[in-house]
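The structure appears below as structure tokens.
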Amino acid sequence: ARAAHWATRGEMAAGLAVEIRNPLAGIAGVREIVGRDLPADSPAIEVLGEVRHEVVHINKIVSELLEIARPKSPVFRPGNLVAVAEHAALFARDQATHRKVNLEVVKGEPLPELQFDNGQIHQVLLNLLLNAVQACDEGGLVRVDFMADESTATVRVTDTGKGIPPAVLPNIFRPFFTTKGDGTGLGLSLARRMVEDHGGRLEATSVIDQGSCFKLI
Ligand code: ADP
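The opening position of the sequence shown corresponds to residue 6 in the numbering used here, with each subsequent residue numbered one higher.
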């Protein structure tokens with residue numbers, strides 16, 4: 006039933022993606038041409054910047070929809086989970102610095118050799134990191150750490166942000182659930198699916214006003 010549910014949703018999304026991407030490419034092209042001929046002090050430059058921002062945002066939504074539409078099976082290769090987390094943290098650091106949030110990756114004990122899809126786990130961790138950074142106020146802390154025993158490895162992304170109300174917590178992994186003005190609500194549902202495709206679990210705990218912890222097991 007679950008596979009069938011994703012299939013219909015997926016077909017719809019794939020159709021929609023084409024319908025949206027074509028005119029979007031047109032808008033991006035026109036923006037480019039108009040921008041080229043504007044004098045450097047034109048007030049229209051700011052408006053064009055906003056158009057670019059929105060085009061990128063719509064494109065992100067479409068990409069996430071497409072990923073739901075055509076889920077890719079993970080390609081398992083031996084990899085270094087800590088290195089992947091550090092790489093994802095590099096991408097999130099820009100936003101963290103901008104919001105004056107501290108972001109640290111605590112390496113800890115070396116992990117056993119693991120097999121996973123590098124690109125997918127990178128995407129999962131980046132999503133958790135960006136959510137964590139966005140939940141924090143100035144001076145907040147986002148920490149990534151790792152644990153392992155013989156059979157499992159765990160990555161934790163902990164933040165000191167605003168937390169998630171108990172009534173909201175059961176909804177955060179649902180597709181399209183978002184509390185952000187410009188959120189897609191697709192990040193965590195995709196993340197959970199990718200982790201489950203790896204035979205793992207993605208769990209969240211949270212205390213309001215103290216922060217949240219996402220565990221990838
Ligand atoms: P989006 O980021 O586009 O809203 P997600 O699926 O990544 O979509 O997240 C869904 C919702 O879960 C967010 O809108 C937010 O309300 C909540 N959430 C996720 N991570 C955190 C976090 N670390 N702290 C507080 N709320 C969070």
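Quick reminder that beta carbons are idealized off the backbone N, C-alpha and C, glycines included. Predicted, not measured: the structure shown is a model, and the values here were computed from it.
Exercise for the section: Kindly examine the ligand ADP and report whether one of its heavy atoms sits closer than 8 Å to the Cβ of Ser-194. Expected result: yes
Exercise for the section: Answer yes or no: the CB of Asp-214 versus the heavy atoms of the ligand ADP, is any distance below 8 Å? Expected result: no
Problem - Inter-residue Cα distance where the pair is Ile-50 and Gly-40 - result: 7 Å
Exercise for the section: Using three-state DSSP, classify Pro-76 as helix, strand or coil. Expected result: coil
Exercise for the section: Provide the residue span of the alpha helix (DSSP H) that contains Ser-47, from first to last. Expected result: Element bounds for Ser-47: n/a, residue is neither H nor E.
Handout entry: Beta bridge counterpart(s) of Val-212 as assigned by DSSP
Key = Gly-216
Practice task
In angstroms with no decimal places, state the Cα-to-Cα distance between Val-80 and His-62.
Solution key: 28 Å
Handout entry: Reduced DSSP secondary structure (H/G/I, E/B, other) of Asp-187
Key = coil
Problem - Inter-residue spacing [alpha-carbon to alpha-carbon] between Pro-171 and Ala-45 - result: 50 Å
Practice task
Indicate, with yes or no, if the ligand ADP has a heavy atom lying under 8 Å from the CB of Ala-137.
Solution key: yes
Exercise for the section: Using a threshold of 9 Å, state whether the C-beta atoms of Thr-159 and Val-147 are closer than that. Expected result: no
Exercise for the section: Would you kindly check if the distance between the Cβ of Val-149 and the Cβ of Val-129 is under 9 Å? Expected result: no
Practice task
Please work out which residues of its chain come closer than 7 Å, Cβ to Cβ, to Ala-97, disregarding the five sequence neighbours upstream and downstream, and give them in chain order.
Solution key: Leu-108, Leu-131, Leu-134, Leu-135 and Val-138
Practice task
Would you give the residue range spanned by the alpha helix (DSSP H) that Val-173 belongs to?
Solution key: Val-173 -> no alpha helix (DSSP H), and no H or E assigned at all.
Exercise for the section: Leaving aside the five residues before and after Phe-181 along the sequence, list all residues of the same chain whose C-beta is less than 6 Å from its C-beta, in chain order. Expected result: Gly-190
Handout entry: DSSP three-state assignment for Asn-85, whether helix, strand or coil
Key = coil
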